[in-house]
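Enquirer: The sequence shown begins at 346 in the working numbering and counts up by one.
Backbone N, C-alpha and C define an ideal beta-carbon position, used for all residues, glycine too.
Below is one structure. I have some questions about it.
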Amino acid sequence: MIKEENFIKAWENRRLVYGAIKAAGVRKDYQEYADLIQDGALIYAGMLEKSQGQDIDRLAFKKILWHTLDELRKVQCR
């Protein structure tokens with residue numbers, strides 16, 4: 346279970362999530378854009394829950410980026 350303060354911190358730092366999704370090449374007019382943003386925020390909050398290290402933002406960015414690429418790959422294979 347993810348604590349509320351980690352959700353709040355993830356939402357306050359949502360520019361990281363938007364940046365990771367943009368780095369994956371997803372445009373704002375993509376039909377699943379809002380879902381990817383929510384997934385990214387959940388991933389970031391989950392990582393904040395597990396560790397509070399100094400490199401957490403960099404690691405979260407990479408994890409969100411790879412998750413987004415995996416989701417896009419799944420959609421493309423259908």
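1) Beta-carbon within less than 8 Å of Leu414's beta-carbon, same chain only, minus the 5 sequence neighbours each way: which residues are those?
2) Short check: CB of Asn358 to CB of Ala390, under 8 Å?
3) Which of the three DSSP states is assigned to Asn351 in this structure?
4) So, does the segment 362–378 touch the segment 392–402, judging by three or more C-beta pairs under 8 Å?
5) What residue range does the alpha helix (DSSP H) around Arg359 cover?
Expert: With the structure as the only source:
1) To locate residue 414, count along the sequence shown from 1; it is residue 69. Cβ within range, chain order: Ala369.
2) In the sequence shown, counting from the first residue as 1, residue 358 sits at position 13. In the sequence shown, counting from the first residue as 1, residue 390 sits at position 45. No, the pair does not count as a contact, with Cβ atoms beyond the cut-off.
3) Position 6 of the sequence shown, counted from the start, is the residue given in the question as residue 351. Asn351: helix per DSSP, three-state reduction.
4) no
5) Translated into positions along the sequence shown, residue 359 becomes position 14. That run of the alpha helix (DSSP H) goes 359–368.
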